[in-house]
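Protein sequences appear in the order of chains A, B, C and D. Each residue of the first sequence is one higher than the one before, counting from 1 in the UniProt record's numbering. Each residue of the second sequence is one higher than the one before, counting from 1 in the UniProt record's numbering. Each residue of the third sequence is one higher than the one before, counting from 1 in the UniProt record's numbering. Each residue of the fourth sequence is one higher than the one before, counting from 1 in the UniProt record's numbering. Here is the structure we will look at, set down as structure tokens.
Number of protein chains: 4
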Amino acid sequence: MLSFVNDYSEGAHPAVLQRLIDTNMEHLPGYGKDRYCLSAVQKIAQACNCPQAQVFFMAGGTQTNQVVASCLLESYQGVVAADTGHVNVHEAGAIEAVGHKVLTIPGEQGKIRAEDLKAFLEGFYADENHEQMVFPGMVYISHPTEYGTLYTREELEDLSQTCREHKIPFYLDGARLGYGLVAPGTDVDLTDIARLCDVFYIGGTKVGALCGEAVVFPRGNAPEHFSTMVKRRGALLAKGRLLGVQFDALFTDDLYSRISRNAIQTAAMIKKALHEKGYQIVMDSPTNQTFVRLDNERMEELSKQVAFDFWERSDATHTVIRLATSWATTVEDTQALINLL
Amino acid sequence: MLSFVNDYSEGAHPAVLQRLIDTNMEHLPGYGKDRYCLSAVQKIAQACNCPQAQVFFMAGGTQTNQVVASCLLESYQGVVAADTGHVNVHEAGAIEAVGHKVLTIPGEQGKIRAEDLKAFLEGFYADENHEQMVFPGMVYISHPTEYGTLYTREELEDLSQTCREHKIPFYLDGARLGYGLVAPGTDVDLTDIARLCDVFYIGGTKVGALCGEAVVFPRGNAPEHFSTMVKRRGALLAKGRLLGVQFDALFTDDLYSRISRNAIQTAAMIKKALHEKGYQIVMDSPTNQTFVRLDNERMEELSKQVAFDFWERSDATHTVIRLATSWATTVEDTQALINLL
Amino acid sequence: MLSFVNDYSEGAHPAVLQRLIDTNMEHLPGYGKDRYCLSAVQKIAQACNCPQAQVFFMAGGTQTNQVVASCLLESYQGVVAADTGHVNVHEAGAIEAVGHKVLTIPGEQGKIRAEDLKAFLEGFYADENHEQMVFPGMVYISHPTEYGTLYTREELEDLSQTCREHKIPFYLDGARLGYGLVAPGTDVDLTDIARLCDVFYIGGTKVGALCGEAVVFPRGNAPEHFSTMVKRRGALLAKGRLLGVQFDALFTDDLYSRISRNAIQTAAMIKKALHEKGYQIVMDSPTNQTFVRLDNERMEELSKQVAFDFWERSDATHTVIRLATSWATTVEDTQALINLL
Amino acid sequence: MLSFVNDYSEGAHPAVLQRLIDTNMEHLPGYGKDRYCLSAVQKIAQACNCPQAQVFFMAGGTQTNQVVASCLLESYQGVVAADTGHVNVHEAGAIEAVGHKVLTIPGEQGKIRAEDLKAFLEGFYADENHEQMVFPGMVYISHPTEYGTLYTREELEDLSQTCREHKIPFYLDGARLGYGLVAPGTDVDLTDIARLCDVFYIGGTKVGALCGEAVVFPRGNAPEHFSTMVKRRGALLAKGRLLGVQFDALFTDDLYSRISRNAIQTAAMIKKALHEKGYQIVMDSPTNQTFVRLDNERMEELSKQVAFDFWERSDATHTVIRLATSWATTVEDTQALINLL
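The structure is reproduced here in structure tokens:
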């Protein structure tokens, strides 16, 4: 069975795993104070070109979004996000669980537009009743989005500018950030993100790690006692080394980018083949996710040999499926998939 | 530097790590639905002698306590615990963060007594104002306790009986459960715990795993949609395999017990040496933690060559320190420590 | 200055106030256990034709919605409501504050349709990822809605039926219920609501009381320890009599209906005059709220002599305003308003 | 039946009720923006000698404590209080419901001592593990306490000084403040409280109002958007006038003090009679509560003619009861009670 079902089907990238093996029996302090955590922080700060960056590691994405939102928001504020945003749809209410509303604006292929954000923020304050409403307290985007799409640098500049004008933090969920940074045609690099966002996280779980996300406060702007707040949410690992060692490996010799490219290259092979064979690709997604519309019969047949993700029913006889690649996808498997298409 | 500072200073037990290595590139489904999770569930259910047990894996102990408490309690209820209990003192308010009070009763060397529990529960309902108070909704104990002490089977029977009479669940935090189960003189085994508790967790982080705790509902009594509640707290790992593989290894060929014994044996060496050399051991702790009272000068000197945990100031010139062993402690290091005493 | 700005501009209806005066110096027990509370419960149960009804009094509507939602919902569930619902828009996030998401479906003039609800509920369970989403756990409607519109009995039957098929409670926010029950053309009475809803509240604040809402569990289906949950949210008044006396008065000799009619009659005068004078009424609202579109110049002029509520900007030169009547609106003031139109 | 069971058995003081009657049909804006609220704010500010004071009105004490705590505390902080404090014992977990722990220090007749507070705060920061603990974030006292006792000015100065040294707000729960301010022997007046506390509330429910408490931020130090936070907790009354009118009356011509004196005078009659008749008064309470130890037989007999509060079982044959007076207690009833003793 070929597997293109998602980007977290395998364990860790071998180089990451090797670092866990190599360091396994070292005696290290707990709770993120070991030397690998410290080294990973430094390397990430350097990659962001933000010497003052503060970096914290957490185990998963929903947890990270929850902790960050609960730390950034005042009690009377909510998170502004695309209606399709992960925090709004697929986190089982993790934002609401910590007391905050997700305030949605319509997404376009997963993205929000600065002009929609502006209109929302201005409309809020123009509403005479806004004191009885949830105040917008931060803006959440994902990059790549849940649809594999990417913001341009200009779009990020505009969103960032809008946030700063309204004095609300701009947060970027980078669960698949690696795949976004090396996608063809993107003009956004890590230093742009660090410059434009107030907080963001660099995804490990989907990009080479067993687990783990690195939250970056690029200008040393982490809230005081952030670790205690992480602990309070049950998100502080005793063996913080598990995360530190992995991120230290991922940010050594640019491993994070190098392994991300594999996902892009194999996705590009798939997109090219689909195009040549006349399939309908339904989203202009330059990253590791490919969304394709199949008639249901074709889908049934394919599903006997390939694991993929059912995305949405298109009409009575067609379905959109998602084919995901990752750092672990082999050219052989990709070719085998293409042969089946 | 010798390390006796805690029981989470190293990575995973080599056999556990090897299983992570062996399974690393397998394509597996996410969110705890992979075959290693399923296998680990079965093995744990068997070890508990509870064929109907439901088992869920989470990354850490505070997280586990938080999720379990939030799932077991009605909104108007709190957790009854020893005043020294981990949930009351060292989890940064994780129970309160999900809306519940910790109702304390005095601990004796970390343990609560059934008669104190009974008095507390009966006193509560006898109070005419109890409808304006927080109702006791579950009982929390740790075994071993935070002080390394153990309940006897009879003590657990009494606590369990008291809980059942008052129809409130009995929960056991087994962060160091392995060390308790193989301690000399204990008459409590895993099947006792499964029989007497309504929920408990088997600690992995401190007993051989990189991370991970296994929550057991021994009679298939997990709340409906437990996984969604786990997700909502940010506690559901996408790569659930990370936890499943490790627990599958720990419960293969009784590895969990075997590696726990090492901690007990090395702790016994230390306790014996301390006793022979006339040191004052301050807690009758039969597990992997040893609490000893030193004069401050001696402590200072020792700290140059040994990492240990400062426990509490005893008087102006004496301090209680903790020496912890684990599955990873070598006989060589233990002998070296003894030579320094 | 004429006042048509809202339906809570005056104190209590004189007959309600008189009961407060008459009972003022009686010694009564606290926390809703006094005889006036008990009497009000009985009268409301009788008016609902539900001898087993449980009735609780709270001070305000947002508080009531918050407490009810937090008591009815499991942690992993949210409230289904119209996107225009009060709980979604104008309660400052009170539902999220207690941990729950508001799951919106499009409202039509403030109402939700059973077919949209069905589609939403079925779509939820058909989604393969629904275990990572917020489960629908109750349905919220308001009657009259925020736009003054009313459900028909058939519409309520359909919504109720849909809720029962999916085993989720059906909750009706009756902040202005009195005005809905006596509106011309309605076929819904209080016994219908009690029969079709699982919980609802009868609004007092906007219908003759100084403050207070009566939450009704028509089949004795209140959650156990409801009062403790009310207390925990800070919503239990020590002098529960304040609410009991008022509701006892409101449900004596059908006062609640009688005073509601005044609002409808005066609103009808306004609607008729607007119609005759060629104004554009923008919502077919048969209750105490009238929404009319004015050109901005006209609005400015009117605002010098009449207090009304700005509702929404219609276009560059027109605005929708709301004229609200209540039990307290006099025919004289209404005629004076009409003369100004 | 004589009633000495509590201080909230009657409605409003007649002068307060009269103001509600007089203003009943005035058209007033909602949500605390009416002229009576504004006037009450000014009068309270003046009584506190704090021209910059911000004052907000809420319906009840538990609600007030909950809202204030949730606004003052950072997420990782808790409330320091006496173990006997109302927030710790009799609010059904309202503080925990908003996510915060109550950190207790031993109370002495309901009071905490500055030296105990100092020791607690210093001990917290001296604990090497304090980053994994709940930080002290505010100090809560009640004055009078739950036991009717009072702080001296010096004691308040010391507590206030300790709070300021540790930069945590000092909050006073004045549910019965009126009775404290006019008690014999007290050297604490309202301006002392305003000077020494960061926030406090002036109780209305127990001192002449139908309901209502006035929260004072004496130096204009209310958190931004406090009203929205109040709304979010369901604590914002639409008819804010209900509270404003009452407090305006209570702070006109010093009514608040004058009616408080009645409680003190009648309590003094009781205390004197108990003393003369050889009863054992168990608490040196100079305010409106009197705690007396009776043998159970005597208690049974008395309970046939007097309503009082069972306080606590003293031993097998004796019980402590509470006799409460209030603004509403008549000299006639008091004399009748004394005749029965």
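Glycine residues also receive a C-beta, built at the ideal position from the N, C-alpha and C atoms.
- Using a Cβ cut-off of 8 Å (strictly closer), state whether His318 of chain D contacts chain B. Taking the fourth sequence and counting its residues from 1, one reaches residue 318 of chain D at position 318. Chain B contact via Cβ: absent.
- Query: Among D:Asn49, D:Val292, D:Arg35 and D:Pro286, which has the Cα closest to the Cα of Leu274 of chain D?
  - Reply: Translated into positions along the fourth sequence, residue 274 of chain D becomes position 274. The shortest C-alpha separation from Leu274 of chain D is found at D:Val292.
- Quick one: measure Cβ to Cβ for Ala268 of chain C and Ser3 of chain C, integer angstroms, because I've assumed they're closer than 8 Å. As a working mapping, residue 268 of chain C is identified with position 268 in the third sequence. As a working mapping, residue 3 of chain C is identified with position 3 in the third sequence. The C-beta separation of Ala268 of chain C from Ser3 of chain C comes to about 18 Å, leaving the pair out of contact by the 8 Å criterion.
- For Gly60 of chain D, I'd like the list of residues in its chain whose CB is within less than 7 Å of its CB, leaving aside the five on either flank, ordered along the chain. Looking up residue 60 of chain D in the fourth sequence gives position 60. Counting only Cβ-Cβ distances below 7 Å, and skipping sequence neighbours, we find Thr205, Cys211 and Glu213.
- Task: Starting from the Cα of Met299 of chain B, find the closest Cα among B:Gln289, B:Asn288, B:Ser314 and B:Thr287 and give me that residue.
- Result: Stepping through the second sequence from its first residue, residue 299 of chain B is reached at position 299. Nearest to Met299 of chain B by alpha-carbon distance, out of B:Gln289, B:Asn288, B:Ser314 and B:Thr287, is B:Ser314.
- Task: Tell me, please, which residues DSSP counts as bridged to Ile281 of chain B.
- Result: Numbered from its first residue, the second sequence carries residue 281 of chain B at position 281. Answer by DSSP bridge pairing, in chain order: B:Val292.
- Apart from the five residues just before and just after Glu74 of chain C, which ones in its own chain have a Cβ nearer than 7 Å to its Cβ? Taking the third sequence and counting its residues from 1, the one referred to as residue 74 of chain C is at position 74. Non-local C-beta neighbours of Glu74 of chain C in its own chain, meaning closer than 7 Å and more than five positions away in sequence, comprise Gly137, ordered along the chain.
- Please say whether Thr162 of chain D and Lys118 of chain D have beta carbons closer to each other than 8 Å? What you label residue 118 of chain D is simply residue 118 of the fourth sequence in a count that begins at 1. What you label residue 162 of chain D is simply residue 162 of the fourth sequence in a count that begins at 1. In this structure, the beta-carbon distance from Lys118 of chain D to Thr162 of chain D falls below 8 Å.
- Do Val139 of chain A and Val98 of chain A come within 8 Å of each other at the CB atom, strictly closer than that value? Numbered from its first residue, the first sequence carries residue 98 of chain A at position 98. Numbered from its first residue, the first sequence carries residue 139 of chain A at position 139. It is not a contact, given that the beta carbons lie outside the stated cut-off.
- Message: I'd like the span of the beta strand (DSSP E) that includes His318 of chain A, first residue to last.
- Response: Mapped onto the first sequence, residue 318 of chain A falls at position 318. Going by DSSP, His318 of chain A is part of the beta strand (DSSP E) stretching over His318 to Ala324.
- Query: Taking any Cβ of chain B, which residues in the region 132-150 of chain D have a Cβ under 8 Å from it, in chain order?
  - Reply: Residues passing the 8 Å Cβ filter: Gln132, Met133 and Val134.
- Is the Cβ of Thr228 of chain B closer than 8 Å to any Cβ of chain C? Position 228 of the second sequence holds residue 228 of chain B. So, interface residue.
- Message: By the three-class DSSP mapping on this structure, what secondary structure does Met138 of chain C have?
- Response: Locating residue 138 of chain C in the third sequence gives position 138, counting from the first residue. Here Met138 of chain C sits in strand by DSSP.
- By the 10 Å Cβ neighbour count, where 16 or more other Cβ atoms means buried, how is Pro106 of chain A classified, buried or exposed? Here residue 106 of chain A refers to the residue found at position 106 of the first sequence. Exposed.
- Item | Inter-stretch contact (C-beta, 8 Å, three-pair minimum) for the region 46-61 of chain C and the region 213-222 of chain C | Yes, the region 46-61 of chain C touches the region 213-222 of chain C.
- Item | Helix, strand or coil at Lys167 of chain A according to DSSP, with G and I counted as helix | Your numbering for residue 167 of chain A matches position 167 in the first sequence. Of the three classes helix, strand and coil, the one that applies to Lys167 of chain A here is coil, per DSSP.
- Same chain, Cβ closer than 7 Å to Thr191 of chain A, five either side skipped, listed in chain order: Translated into positions along the first sequence, residue 191 of chain A becomes position 191. Counting only Cβ-Cβ distances below 7 Å, and skipping sequence neighbours, we find Cys48 and Asn49.
- Name, in chain order, the residues that DSSP records as bridge partners for Ser3 of chain D. Counting from 1 along the fourth sequence, the entry for residue 3 of chain D is found at position 3. In the DSSP output, where bridge partners are listed per residue, Ser3 of chain D has D:Ala307.
- How far does the alpha helix (DSSP H) with Glu122 of chain C in it reach, from first residue to last? Here residue 122 of chain C refers to the residue found at position 122 when the third sequence is read from its first residue. Ala114 to Ala126 is the extent of the alpha helix (DSSP H) around Glu122 of chain C.
- Message: Counting only Cβ-Cβ distances shorter than 7 Å, please list the residues of the region 230-261 of chain D near chain A, keeping chain order.
- Response: Those would be Lys231 and Arg232, in chain order.
- Task: Could you pull out every residue in the same chain whose Cβ sits closer than 7 Å to the Cβ of Thr84 of chain B, ignoring the five residues on either side in sequence?
- Result: Here residue 84 of chain B refers to the residue found at position 84 of the second sequence. Correct list, in chain order: Gly107, Gly110 and Glu146.
- Can the beta-carbon of Leu156 of chain B be found closer than 8 Å to that of Leu121 of chain B? Within the second sequence, the letter at position 156 stands for residue 156 of chain B. Within the second sequence, the letter at position 121 stands for residue 121 of chain B. In this structure, Leu121 of chain B does not lie closer than 8 Å to Leu156 of chain B by Cβ.
- Kindly give me the distance between the Cβ atoms of Tyr36 of chain A and Val245 of chain A, rounded to whole angstroms, as I take these residues to be in contact under 8 Å. Your numbering for residue 36 of chain A matches position 36 in the first sequence. Your numbering for residue 245 of chain A matches position 245 in the first sequence. Separation of the CB atoms of Tyr36 of chain A and Val245 of chain A is rounded to 4 Å, and the pair is thereby assigned contact status at 8 Å.
- May I ask you to report which of helix, strand or coil DSSP gives Gly244 of chain B? As a first step, residue 244 of chain B is located in the second sequence; it is residue number 244 there, counting from the start. In the structure shown, Gly244 of chain B sits in a helix (DSSP, three-state: H, G or I).
- Is there a Cβ from chain A that is less than 8 Å from the Cβ of His100 of chain B? In the second sequence, the residue the question calls residue 100 of chain B occupies position 100. Not closer than 8 Å to any Cβ of chain A, the Cβ of His100 of chain B fails to qualify, so no.
- Item | Where Tyr8 of chain D meets chain C, residues with beta-carbon distance less than 7 Å | Against the fourth sequence, residue 8 of chain D aligns to sequence position 8. Around Tyr8 of chain D, the beta-carbon contacts reaching into chain C at under 7 Å are Gly30, Ala238 and Lys239.
- Query: Got a sec: is the Cβ-Cβ distance from Leu210 of chain D to anything in chain C below 8 Å?
  - Reply: As a first step, residue 210 of chain D must be located in the fourth sequence, where it is residue number 210. For Leu210 of chain D, the answer is yes, since a Cβ of chain C falls inside 8 Å of its Cβ.
- Using a Cβ-Cβ distance under 8 Å, would Ala214 of chain B count as near chain A? Counting from 1 along the second sequence, the entry for residue 214 of chain B is found at position 214. Not an interface residue.
- Task: Could you work out which residue in C:Asp253, C:His318, C:Ala209 and C:Ile141 is closest to Thr104 of chain C when comparing CA atoms only?
- Result: Taking the third sequence and counting its residues from 1, the one referred to as residue 104 of chain C is at position 104. Comparing Cα positions, the closest option is C:Ile141.
- Jot down the residue ranges of each uninterrupted alpha helix (DSSP H) in the region 168-206 of chain B, minimum 4 residues, whole runs only, in chain order. Runs found: 177-181 and 190-196.
- Task: Could you tell me the boundaries of the beta strand (DSSP E) in which Gln77 of chain C lies?
- Result: For this step, residue 77 of chain C is matched to residue 77 along the third sequence. Annotation: the continuous beta strand (DSSP E) that includes Gln77 of chain C extends over Gln77 to Ala82.
- Helix or strand or just coil, what does DSSP make of Ser9 of chain B? Taking the first residue of the second sequence as 1, we reach residue 9 of chain B at position 9. The DSSP-derived three-state label of Ser9 of chain B is coil.
- Task: Specify, as a first and last residue, the run of the beta strand (DSSP E) that Met58 of chain A falls within.
- Result: Here residue 58 of chain A is taken as the residue at index 58 of the first sequence, counted from 1. For Met58 of chain A, the enclosing beta strand (DSSP E) stretches over residues Gln54 to Met58.
- Item | DSSP state of Arg233 of chain A mapped onto helix, strand, coil | For the purposes of this step, residue 233 of chain A is taken as the residue at position 233 of the first sequence. The answer is coil: DSSP assigns Arg233 of chain A none of H, G, I, E or B.
- Message: Assuming Thr64 of chain B is part of the alpha helix (DSSP H), what are its boundary residues?
- Response: Here residue 64 of chain B is taken as the residue at index 64 of the second sequence, counted from 1. Gly61 to Leu72 is the extent of the alpha helix (DSSP H) around Thr64 of chain B.
- Does the beta carbon of Asn24 of chain C sit closer than 8 Å to a beta carbon anywhere in chain A? Your numbering for residue 24 of chain C matches position 24 in the third sequence. With a threshold of 8 Å between beta carbons, Asn24 of chain C makes no contact with chain A.
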